[in-house]
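Line order of the protein sequences matches chains A and B.
Residue numbers for the first sequence, in full-length UniProt numbering: 1 to 537.
Residue numbers for the second sequence, in full-length UniProt numbering: 1 to 537.
There are 2 protein chains.
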Amino acid sequence: MLRFSIPMESAKPNVFLYDTTLRDGTQGEGISFTVSSKVRLAEKLDSFGIDYIEGGWPGSNPRDMAFFDQIRKVTLKRAKVAAFGSTRRASNAVEVDPQVKLLLEAETPVVTIFGKTWLMHVTEVLRTTAEENIKMIEDTVRYLKDNGREVVYDAEHFFDGYKDNPKFALATLEAAQRGGAEFLTLCDTNGGTLVGEVQNIVGAVQKHFPKTKIGMHCHNDAGLGVAVTLAGVEAGAVMVQGTMNGYGERIGNANLTTVIPNLSLKMGYPMACAEHISRLRDLSLFTAELANQRHDSKQPYVGASAFVHKGGVHADAVNKVKHSYEHIAPEAVGNRTRVVVSDMSGRASIMMKAQEMGLDVESKSPAMTHFLDELKQLEFRGYEYEAADASFKLLIRRYVNQKADPFKVLNYKVIDEYGEWTDDVTAEATVKVKIGENIYHVVDESTGPVGALDGALRKALSHEFPQVNDVRLTDFKVRILDGQKGVKAIIRVQVESTDGVNIWGTVGASDDIIEASLEALRDAFLYKIALDHGETE
Amino acid sequence: MLRFSIPMESAKPNVFLYDTTLRDGTQGEGISFTVSSKVRLAEKLDSFGIDYIEGGWPGSNPRDMAFFDQIRKVTLKRAKVAAFGSTRRASNAVEVDPQVKLLLEAETPVVTIFGKTWLMHVTEVLRTTAEENIKMIEDTVRYLKDNGREVVYDAEHFFDGYKDNPKFALATLEAAQRGGAEFLTLCDTNGGTLVGEVQNIVGAVQKHFPKTKIGMHCHNDAGLGVAVTLAGVEAGAVMVQGTMNGYGERIGNANLTTVIPNLSLKMGYPMACAEHISRLRDLSLFTAELANQRHDSKQPYVGASAFVHKGGVHADAVNKVKHSYEHIAPEAVGNRTRVVVSDMSGRASIMMKAQEMGLDVESKSPAMTHFLDELKQLEFRGYEYEAADASFKLLIRRYVNQKADPFKVLNYKVIDEYGEWTDDVTAEATVKVKIGENIYHVVDESTGPVGALDGALRKALSHEFPQVNDVRLTDFKVRILDGQKGVKAIIRVQVESTDGVNIWGTVGASDDIIEASLEALRDAFLYKIALDHGETE
């Protein structure tokens with residue numbers, strides 16, 4: 001039954017990928033790149049097989065021009081670098097427009113300019129006439145062409161403009177075409193257009209310009225950034241603009257890490273990067289790191305949760321038939337199946353988890369049986385290993401591989417005090433830690449008990465394990481486990497730590513929040529020490 | 001030019017909303033709810049206007065059955081509660097199938113059962129025959145109908161199954177229809193189906209079952225969860241299953257906080273919650289707090305970044321023409337335009353919140369202005385009132401109605417100690433509390449510092465307010481607010497309490513976890529005292 005399957009050898013046109021992470025992506029809240037990061041990301045995008053890289057808007061900030069100065073010295077394999085800007089101002093001849101001058105000074109092979117499609121924007125925002133707007137588009141495209149540039153014309157607010165006045169919207173595209181633009185890009189600038197509207201409008205544009213290459217530039221404000229991009233391609237567009245991880249203004253741009261596998265793996269469109277799609281997750285992580293953003297675990301295809309199975313029915317089925325609960329093979333995008341250990345886990349999911357970590361454990365061995373018993377006890381007492389891989393690996397090391405922990409906390413004491421007169425809290429922690437035959441008894445203070453314990457533990461451990469000072473806590477969460485029992489119920493603490501390279505999660509559980517915190521902190525340091533001894537992978 | 005605009009008065013069918021946050025949502029990594037949080041969320045969903053609330057899978061874990069026991073005692077305005085489960089096992093007659101028995105014991109008006117559509121799953125995973133699978137579906141639906149339930153049939157892997165073998169896939173739906181199912185829900189269980197496929201397949205199903213109500217249950221693995229849901233509705237489906245904030249397995253379920261405004265505000269489908277859509281952001285934040293999840297700022301419509309403008313061109317244009325860079329009016333979903341980076345609440349949203357709680361506050365009064373200033377300070381220091389209604393009401397009492405708190409905590413001290421020899425932790429807390437002119441200086445101990453503080457506070461208060469002994473803590477959650485800063489960042493504690501009749505949430509924030517806990521506990525007791533004086537409603 002092949003009715004709905006995708007023919008692998010198709011006559012579909014090649015799709016050009018146009019990445020604007022370095023320009024539109026930086027409009028996202030909290031997103032910025034240093035100049036050297038911009039260059040590194042451009043090189044990475046090039047080696048992945050991206051066709052066009054929009055590097056910035058010359059003049060909008062000093063970093064963008066510095067990027068163009070540097071990228072000119074780099075030999076890229078395939079990608080063409082584009083500078084982005086607007087058409088000339090209404091008041092200027094194009095030859096003397098300062099912004100157009102900067103676009104040429106960027107010395108890029110490609111220039112992308114945007115112009116107004118929506119009449120309301122022309123009259124209310126630009127405060128000029130429809131006729132002048134048309135001239136601004138044609139003049140600017142032609143001038144850039146005459147200066148040897150490949151020109152991509154971005155029709156801002158195309159869909160809103162077309163819905164308002166299709167005749168005027170098409171006239172702006174005709175102006176860009178007369179000027180000589182290689183691509184006419186239809187922008188859903190406000191991100192609110194629906195799939196059916198895009199199907200109809202791109203179809204109409206395609207009919208009007210049967211020989212011109214059409215592009216799509218979409219945003220995600222209605223949660224449809226990817227869907228409308230795909231709809232545009234199906235209606236005839238051959239260029240896709242978007243950003244890595246969907247970074248961009250407001251809710252973000254069409255996410256290329258989702259668009260690419262959909263177009264290539266599922267819809268069968270040829271593209272230059274097709275052979276590198278197994279490096280997609282790597283590219284996504286790399287971009288997040290350069291942008292100093294937490295990588296979104298819920299990102300389609302490339303997120304850490306994309307192929308995760310929580311114990312029970314699904315994990316069991318995936319074990320039986322690999323694609324029973326996976327829409328593609330995770331390896332195709334450089335991802336992998338993960339099984340998380342939850343209170344519904346059986347032996348099957350534990351074994352899968354151990355295998356996934358590359359641990360050589362035999363399902364029927366006595367150590368494994370002992371470990372499973374121990375694990376059930378621990379889960380009953382409130383530990384949860386779903387987001388605490390590091391604590392789980394330490395458990396396996398202890399119970400299955402039977403290695404002793406390199407240190408032990410013998411005792412601790414925390415004093416936390418608030419006084420009305422000072423209106424201030426002070427926390428002091430003392431810990432006694434045994435490392436081999438040595439005992440370290442130290443004290444530290446902080447604004448809170450967890451900070452004080454963390455400081456005291458570091459002090460004690462750094463005598464023999466100075467690497468603990470590289471560990472930084474990045475997240476700290478607390479849950480009470482059985483709401484019915486109130487404050488005497490079990491408290492679970494989840495800690496996330498990093499040493500700048502690795503990120504790991506640990507867990508502690510106790511009826512005392514301080515003890516639970518101490519356990520999670522202790523595991524975070526134990527894991528760092530094990531990591532440095534190459535014991536955990 | 002109305003060609004693509006949406007007619008406001010349309011003949012479109014009503015869409016039923018089916019929320020499965022409490023069941024499928026909890027399959028998401030890191031998502032879990034206490035029983036009392038489940039009840040609170042169900043009440044909130046009901047008052048928002050959701051039609052069906054799937055509460056859990058009886059027997060899969062102890063919490064789900066406890067939820068059904070409690071929700072039965074609650075009078076909901078509109079929503080019908082559904083219990084979820086599978087068809088009988090191949091080896092059992094339906095009358096003796098233990099899982100089906102549990103479904104009836106949940107005593108819900110609606111039961112939703114899933115069955116297999118994909119032949120490969122029948123033979124490889126269930127390891128039974130096509131014929132037996134058909135019987136399992138029909139038997140189970142009919143048995144539940146005979147027992148007076150409204151039955152929603154969820155056809156698992158419907159799209160993959162249909163692509164593999166449309167005849168068998170339709171035969172499974174026919175079985176459910178023969179059994180008497182009210183809804184046939186088409187599930188894209190693996191989340192990989194494309195928009196065009198859904199359009200074709202739902203169209204075909206609709207043709208085959210012209211008189212049966214069709215539902216959609218989609219996942220977001222291809223980044224199309226919302227798009228395929230909308231495509232299904234346009235092709236004839238009248239029920240939408242999804243979760244708040246898109247929580248759910250792997251990448252998550254179709255996000256109802258995106259689906260609802262798309263269907264209602266943009267596509268003109270009538271739905272029961274239409275009049276409450278301006279409370280959508282509030283509902284989304286409430287759900288995130290109960291799930292102890294960071295609210296995703298990039299969530300369409302309801303995220304903090306949804307209508308943010310990073311200054312410059314767009315902010316200026318938005319100033320000139322409000323809808324120039326906004327796809328809808330943010331207020332329509334309870335959100336707002338932000339130009340500068342700030343999370344502070346505006347007067348309008350506070351007023352909305354106060355009105356929602358039935359509080360009579362005047363927008364322009366000096367007390368209200370003072371209150372808003374205070375609130376901005378508090379939010380800046382880490383307090384958040386989305387799920388802490390009680391603390392918010394206490395604030396209004398203090399600042400708007402200018403009533404003094406009936407007690408004050410002058411100082412406290414906590415000592416928490418662990419010793420290797422006893423292998424035990426002890427926590428001792430002393431508090432000095434002022435009530436009127438009296439001062440009570442007491443000490444208590446517990447297994448942890450929060451319990452010790454709680455005990456000491458009760459001891460001190462019960463001299464004059466014995467009702468505090470009726471208060472029971474039902475949930476306790478802690479978040480660190482700025483992950484980058486590590487343990488010295490602000491810590492927010494959310495406490496949920498009950499006196500057996502009412503349930504209320506309170507909040508505390510500090511760089512000291514003990515101080516933040518004390519504040520949340522203090523508010524919990526203050527609220528109970530105010531409740532008994534009839535001062536808060």
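Using N, Cα and C, we set each Cβ at its ideal position, and we do this for glycine too.
Remember, it's a predicted structure, so these values are computed and weren't measured experimentally.
Are there 16 or more other CB atoms within 10 angstroms of the CB of V202(B), so buried, or fewer, so exposed?
Looking at its Cβ environment, which holds 16 or more other Cβ atoms inside 10 Å, V202(B) is buried.
N- and C-terminal bounds of the beta strand (DSSP E) containing R492(A):
Unbroken beta strand (DSSP E) run through R492(A): I491 to T498.
From K485(A) to V35(B), what distance separates their C-alpha atoms?
Confidence in K485(A) is poor, its pLDDT being 39 and thus under 50, which makes the residue's placement too unreliable to answer from.
What residues in its chain sit with their C-beta under 8 Å from that of A317(A), if we drop five residues either side in the sequence?
So the qualifying residues of the chain are S324 and Y325.
Please tell me whether L410(A) has its Cβ less than 7 Å away from any Cβ of chain B.
Using a Cβ-Cβ cut-off of 7 Å, L410(A) counts as an interface residue toward chain B, since at least one Cβ of chain B sits closer than that to its own.
Do T193(A) and the ligand GTP come close, with the Cβ less than 6 Å from some heavy atom?
Questions concerning the ligand GTP fall outside what the structure shown contains, since it holds no ligand whatsoever.
Of all the CB atoms in chain A, is at least one closer than 7 Å to the CB of F23(B)?
Per the sequence shown, the amino acid found at residue 23(B) is Arg instead of Phe. Using beta-carbon distances, R23(B) does not count as an interface residue toward chain A, since no partner is under 7 Å.
Whether or not the region 392-401 of chain A and the region 413-424 of chain A are in contact is what I'm after, with contact meaning three or more pairs of Cβ atoms, one per stretch, closer than 8 Å; do they touch?
Proximity of the region 413-424 of chain A to the region 392-401 of chain A falls short of the contact definition, fewer than three beta-carbon pairs being nearer than 8 Å.
Classify E29(B) as buried or exposed, calling it buried when 16 or more other Cβ atoms lie within 10 Å of its own Cβ.
Buried: at least 16 other Cβ atoms inside 10 Å.
Nearest-angstrom Cα distance between T108(A) and G215(A)?
Going by the C-alpha atoms only, they are around 20 Å apart.
When the Cα of A83(A) is compared with those of A106(A), I415(A), F465(A) and T258(A), which residue comes out closest?
Comparing Cα positions, the closest option is A106(A).
In chain B, which residues lie with their C-beta within 7 Å of the C-beta of S462(A)?
In chain order: nothing, as chain B lies at least about 16 Å away.
Element boundaries [beta strand (DSSP E), containing E107(B)]
Note, E107(B): premise wrong, no beta strand (DSSP E); not H, not E.
Local Cβ density within 10 Å of I50(A), reported as buried at 16 or more and exposed below that:
Flag for I50(A) reads buried.
What is the DSSP secondary structure of G203(B), counted as helix, strand or coil?
Looking at G203(B) - three-state DSSP - the assignment turns out to be helix.
Please check the pair S391(A) and T506(A), which I expect to be a contact at CB under 8 Å, by giving their CB distance rounded to whole angstroms.
Confirmed, Cβ separation roughly 5 Å.
In this structure, does DSSP put S510(A) in helix, strand or coil?
Three-state result, S510(A): strand.
Does V226(B) come within less than 7 Å of chain A when only Cβ atoms are used?
Answer yes: the Cβ-Cβ gap between V226(B) and chain A drops below 7 Å somewhere.
Could you give the first and the last residue of the continuous beta strand (DSSP E) run that contains T257(B)?
First-last for T257(B): L256 to P261, but that is the alpha helix (DSSP H), not the beta strand (DSSP E).
Skipping 5 residues on each side, what residues in its chain have a beta carbon closer than 7 Å to that of N335(B)?
Same-chain partners within the cutoff: R281, Y301, V302, A306 and F307.
Tell me which residues share the same chain as R178(B) and place their Cβ nearer than 7 Å to its Cβ, disregarding the 5 neighbours each side in the sequence.
If we look at R178(B) and ignore the five residues flanking it on each side, its Cβ neighbours are E138.
Any beta-carbon of chain A closer than 7 Å to the one on D343(B)?
Its pLDDT being 31, under 50, D343(B) is placed unreliably in this model, and the value from its coordinates should be taken loosely. The C-beta of D343(B) comes no closer than 7 Å to any C-beta of chain A.
Tell me the DSSP bridge mates of A82(B)?
DSSP links A82(B) through a beta bridge to E54(B) and V110(B).
Would a check of beta-carbon distances place G419(A) closer than 7 Å to chain B?
Chain B contact via Cβ: present.
Hey, quick one: how far does the alpha helix (DSSP H) through K459(B) stretch, first residue to last?
Annotation: the continuous alpha helix (DSSP H) that includes K459(B) extends over P449 to L461.
Using a Cβ-Cβ distance under 7 Å, would V425(B) count as near chain A?
V425(B) counts as touching chain A.
Could you compute how far the alpha carbon of L41(A) sits from the alpha carbon of R250(A)?
Distance between the alpha carbons of L41(A) and R250(A) is about 22 Å.
G115(B) versus G225(B), D146(B), F380(B) and V152(B), residue with shortest Cα-Cα distance
G115(B) has its Cα closest to that of V152(B), out of G225(B), D146(B), F380(B) and V152(B).
When you compare the region 369-384 of chain B with the region 404-415 of chain B, are there three or more beta-carbon pairs, one atom per stretch, that lie closer than 8 Å?
For the pair of segments examined, the region 369-384 of chain B was found not to touch the region 404-415 of chain B: the number of CB pairs separated by less than 8 Å stays below three.
Is the region 116-128 of chain A in contact with the region 157-168 of chain A, if contact means three or more CB pairs nearer than 8 Å?
The answer is yes - the region 157-168 of chain A touches the region 116-128 of chain A, with three or more Cβ pairs under 8 Å.
For the region 321-338 of chain A, which residues have a CB atom closer than 7 Å to at least one CB atom of chain B, in sequence order?
Listed in sequence order: V321, S324, Y325, E326, H327 and I328.
Which residue comes first and which comes last in the beta strand (DSSP E) that contains K432(A)?
For K432(A), the enclosing beta strand (DSSP E) has its first and last residue at D424 to I435.
Answer with yes or no whether the minimum CB distance from K38(B) to chain A is below 7 Å.
Any Cβ of chain A closer than 7 Å to the Cβ of K38(B) would place that residue at the interface, and such an atom is absent.
In whole angstroms, what separates the C-alpha of G56(B) from that of P58(A)?
One C-alpha to the other measures close to 55 Å.
Does P270(B) get closer than 7 Å to chain A when you measure Cβ to Cβ?
For P270(B), not one C-beta of chain A is nearer than 7 Å to its own C-beta.
What is the rounded straight-line gap between the Cα of V74(B) and the Cα of E496(B)?
Inter-residue distance for V74(B) and E496(B) is about 18 Å (C-alpha atoms, whole angstroms).
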